[in-house]
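J.: Be aware that the sequence shown starts at 18, since it is given in the working numbering, and climbs by one per residue.
We put the CB at the ideal spot given by N, CA and C, even for glycine.
Given the structure is predicted, the values throughout are model-derived calculations rather than measurements.
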Amino acid sequence: MTPTDPQRSHLAELARYFLRLGFLGFGGPVALVGQMERELVDGKKWLTKEEMKESIAICQSLPGPLAIQVGIYVAWLRGGFWGAWVGGWCFILPNFVIVASLGALYVYLGDLQPVTAIFYGVSPAVIALILHSCYRLAKLGMEDWLQWAIATVCLAVTVILQAEVAVLFIGAGIVGILYYGKLFKRSPAILPGIAVVPAAAGPIAPAASGSTLSKLLLFFLKAGSLTFGSGLVIVPFLEQGLVQQYGWLDERQFLIAVAIGMISPGPVVITATFVGYLVAGFWGSLVSTIGIFLPSFLLVLIVAPLLARHRGNPNVQGFVKGSYAAAIGTILGACILLGKIAIGDWLTALVGVISLAILFRWKVSNPLLIAATAVVGLIAYPWLQPTWVMVH
Numbered sequence: 018m019t020p021t022d023p024q025r026s027h028l029a030e031l032a033r034y035f036l037r038l039g040f041l042g043f044g045g046p047v048a049l050v051g052q053m054e055r056e057l058v059d060g061k062k063w064l065t066k067e068e069m070k071e072s073i074a075i076c077q078s079l080p081g082p083l084a085i086q087v088g089i090y091v092a093w094l095r096g097g098f099w100g101a102w103v104g105g106w107c108f109i110l111p112n113f114v115i116v117a118s119l120g121a122l123y124v125y126l127g128d129l130q131p132v133t134a135i136f137y138g139v140s141p142a143v144i145a146l147i148l149h150s151c152y153r154l155a156k157l158g159m160e161d162w163l164q165w166a167i168a169t170v171c172l173a174v175t176v177i178l179q180a181e182v183a184v185l186f187i188g189a190g191i192v193g194i195l196y197y198g199k200l201f202k203r204s205p206a207i208l209p210g211i212a213v214v215p216a217a218a219g220p221i222a223p224a225a226s227g228s229t230l231s232k233l234l235l236f237f238l239k240a241g242s243l244t245f246g247s248g249l250v251i252v253p254f255l256e257q258g259l260v261q262q263y264g265w266l267d268e269r270q271f272l273i274a275v276a277i278g279m280i281s282p283g284p285v286v287i288t289a290t291f292v293g294y295l296v297a298g299f300w301g302s303l304v305s306t307i308g309i310f311l312p313s314f315l316l317v318l319i320v321a322p323l324l325a326r327h328r329g330n331p332n333v334q335g336f337v338k339g340s341y342a343a344a345i346g347t348i349l350g351a352c353i354l355l356g357k358i359a360i361g362d363w364l365t366a367l368v369g370v371i372s373l374a375i376l377f378r379w380k381v382s383n384p385l386l387i388a389a390t391a392v393v394g395l396i397a398y399p400w401l402q403p404t405w406v407m408v409h
């Protein structure tokens, strides 16, 4: 079907918006969704507040990166089938270019000490961004004692196991059905949501054979299709797959890969692009990027409309409300796990505290905060030489 003139206009504005968001969106999935909410609901008026909450709630029920899925769904609402593909890939393209370029620098120059220094300064600020965004989302959707109880359990399990626990989201959703759904004849719950984002990994040697590329594609397709758990908990998943299970990266390379995912704009799972470049050069990065994100397009375009049709069902609403609480707890647990890597001395602790105070006191843009803390890292790292960044 050929797009009409109004559709072409919508496609152009979707491309412009999501290219900009891809270049300037920092702070991970929670912060990115918050930014879309501010800009598309309060600014551009593309959606109502309820439509945005509904979009997040629907995407929350699917495996895959939250920010990308919400972006694809919003683009679908605005521009139909082609709008979803244009908006989604425009969102991903800037991240791909930036991270693949950093992968090339690492491979061909052999060292990314400036990136490590930037990671040193930026990572505690990223923790602050996550906590602030989680606070805002908790105010939006955490409404009673049961949700906080679910969140507490999920926080504890995430920290203790340091592993993917999809059963938490399923179990929390079932509890939500039992408590909020028809079984107890309760009135329908408000439909909030925050999503589950995959954490993925992939294999090193920039020589792209067909076998290597196919393994990368299959690995990341599986990760994008089946992996539940917030992308903010990406560190333990990556460490388990890249370092322990497959031995594709050593600890130093792993920390650099995490730094790239955290300091680059866009979703944290863009780390897959960097890993793919280390494994098989440019084609490895391309295949890994397609693998990790393609399931999101298919799930949003095929499954999300079905969920939207049944959004008024109290059992569906109860499931989403329970899963929402599980995601809040998992994200808070992720902050603890990420904090063990991000905060290792007095300066990073100070950066984190000051960043959080600034976010609560003033409306500072994410890129400005990231840039400021990156400068702190570049200045302080050569003087302090914090060995924990490399071997922690």
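For the alpha helix (DSSP H) that contains Met69, what are its first and last residues?
T.: Position 52 of the sequence shown, counted from the start, is the residue given in the question as residue 69. Unbroken alpha helix (DSSP H) run through Met69: 66–77.
J.: First and last residue of the alpha helix (DSSP H) that includes Trp63?
T.: For this step, residue 63 is matched to residue 46 along the sequence shown. That residue, Trp63, is in no alpha helix (DSSP H); it is neither H nor E in DSSP.
J.: In this structure, does DSSP put Lys338 in helix, strand or coil?
T.: As a working mapping, residue 338 is identified with position 321 in the sequence shown. DSSP places Lys338 in helix when its eight states are reduced to three.
J.: If you compare alpha carbons, which of Gly104, Gly88, Gly60, Trp63 is closest to Pro46?
T.: Position 29 of the sequence shown holds residue 46. Considering only alpha carbons, the answer is Gly88.
J.: Looking only at C-alpha atoms, which of Leu157, Ala374, Ala391, Phe377 sits nearest to Met69?
T.: If you number the sequence shown from 1, residue 69 lands on position 52. Met69 has its Cα closest to that of Leu157, out of Leu157, Ala374, Ala391, Phe377.
J.: Quick one: residues in its chain with C-beta nearer than 8 Å to the C-beta of Leu376, no 5 flanking neighbours on either side, listed in chain order?
T.: Counting from 1 along the sequence shown, the entry for residue 376 is found at position 359. Taken in chain order, the residues that qualify are Ala145, Leu146, His149, Leu386.
J.: Is it true that the CB of Ala359 sits closer than 8 Å to the CB of Pro141?
T.: Within the sequence shown, residue 141 is the residue found at index 124, counting from 1. Within the sequence shown, residue 359 is the residue found at index 342, counting from 1. Yes, the Cβ-Cβ distance between Pro141 and Ala359 is below 8 Å.
J.: Report the residue from Phe314, Trp162, Ala240, Ser231 whose alpha carbon sits nearest the alpha carbon of Cys107.
T.: In the sequence shown, the residue the question calls residue 107 occupies position 90. Here the closest residue by C-alpha is Phe314.
J.: I believe Leu311 touches Leu238 by the beta-carbon criterion, under 8 Å. Please report the beta-carbon distance rounded to the nearest angstrom.
T.: Translated into positions along the sequence shown, residue 311 becomes position 294. Translated into positions along the sequence shown, residue 238 becomes position 221. At roughly 7 Å, the Cβ-Cβ gap stays under 8 Å, so Leu311 and Leu238 are in contact.
J.: Can you tell me whether DSSP reads Trp265 as helix, strand or coil?
T.: Your numbering for residue 265 matches position 248 in the sequence shown. If DSSP states are grouped into helix, strand and coil, Trp265 belongs with coil.
J.: Using 8 Å for Cβ pairs, my map puts Ser302 next to Ala117. What's the rounded Cβ distance?
T.: Here residue 302 is taken as the residue at index 285 of the sequence shown, counted from 1. Here residue 117 is taken as the residue at index 100 of the sequence shown, counted from 1. Sure, about 4 Å apart at Cβ, within 8 Å.
J.: Which whole-angstrom value is the C-beta distance of Leu163 and Tyr196, which I expect to be below 8 Å?
T.: The residue you call residue 163 lines up with position 146 of the sequence shown. The residue you call residue 196 lines up with position 179 of the sequence shown. Yes, Leu163 and Tyr196 are in contact; Cβ-Cβ is about 6 Å, under 8 Å.
J.: Here's a check: name, in chain order, each residue in its chain whose Cβ is nearer than 7 Å to the Cβ of Val304, leaving out the five neighbours to either side.
T.: On the sequence shown, residue 304 is found 287 positions in, with the first residue counted as 1. Hits under 7 Å: Leu230, Leu233, Leu234, Gly293.
J.: So what's Ala212 in DSSP terms, helix, strand or just coil?
T.: As a first step, residue 212 is located in the sequence shown; it is residue number 195 there, counting from the start. At Ala212 the pLDDT is 37, less than 50, meaning the model places this residue with poor confidence and gives no usable figure here.
J.: Quick check on the DSSP output: the alpha helix (DSSP H) that includes Lys156 runs from which residue to which?
T.: If you number the sequence shown from 1, residue 156 lands on position 139. Looking at the DSSP string, the run of the alpha helix (DSSP H) that includes Lys156 is 130–158.
J.: Which residues mark the beginning and the end of the alpha helix (DSSP H) in which Gly298 is found?
T.: Position 281 of the sequence shown, counting from 1, holds the residue named residue 298. It spans 288–315 - the alpha helix (DSSP H) in which Gly298 sits, taken as one unbroken run.
J.: Excluding sequence positions up to five away, which residues of its chain have a Cβ less than 6 Å from the Cβ of Ile345?
T.: Indexing the sequence shown from 1 puts residue 345 at position 328. Counting only Cβ-Cβ distances below 6 Å, and skipping sequence neighbours, we find Ala155, Ala168.
J.: Confirm, please, whether the CB-CB distance from Pro282 to Pro111 is below 8 Å.
T.: As a position in the sequence shown, residue 111 is number 94, starting the count at 1. As a position in the sequence shown, residue 282 is number 265, starting the count at 1. Yes, they are a contact pair.
J.: Tell me the DSSP secondary structure of Val381 in three-state form.
T.: In the sequence shown, residue 381 corresponds to position 364, counting from 1. If DSSP states are grouped into helix, strand and coil, Val381 belongs with coil.
J.: Rounded to whole angstroms, what's the CA-CA distance from Ala342 to Glu54? Just pull it up for me.
T.: Reading the sequence shown from its first residue, position 325 is the one you call residue 342. Reading the sequence shown from its first residue, position 37 is the one you call residue 54. So the two alpha carbons sit approximately 20 Å from each other.
J.: If I measure Cβ to Cβ from Ala101 and keep anything under 8 Å in the same chain, skipping five residues before and after, which residues do I get?
T.: Taking the sequence shown and counting its residues from 1, one reaches residue 101 at position 84. Excluding positions up to five away in sequence, the list reads Ile89, Tyr90, Ala92, Trp93, Phe314, Val317, Leu318.
J.: Shortest alpha-carbon distance to Ile194 belongs to which of Lys357, Ala29, Phe336?
T.: The residue labelled residue 194 in the question sits at position 177 within the sequence shown. Among Lys357, Ala29, Phe336, the Cα nearest to that of Ile194 is on Phe336.
J.: Using C-beta distances below 6 Å, list every residue in its chain close to Leu401, excluding the 5 sequence neighbours before and after it, in chain order.
T.: Position 384 of the sequence shown holds residue 401. There are no such residues.
J.: Take Thr290 as the anchor and find which of Gln334, Glu56, Ile109, Phe40 has the nearest alpha-carbon.
T.: As a working mapping, residue 290 is identified with position 273 in the sequence shown. Nearest option by C-alpha distance: Ile109.
J.: Take Gly356 and list the residues in its own chain whose beta-carbon comes closer than 6 Å to its own, dropping the five residues that flank it on each side.
T.: Taking the first residue of the sequence shown as 1, we reach residue 356 at position 339. Ile144, listed in sequence order.
J.: Answer with buried or exposed for Thr65, where buried requires no fewer than 16 other C-beta atoms within 10 angstroms of its C-beta.
T.: Mapped onto the sequence shown, residue 65 falls at position 48. Burial call: exposed.
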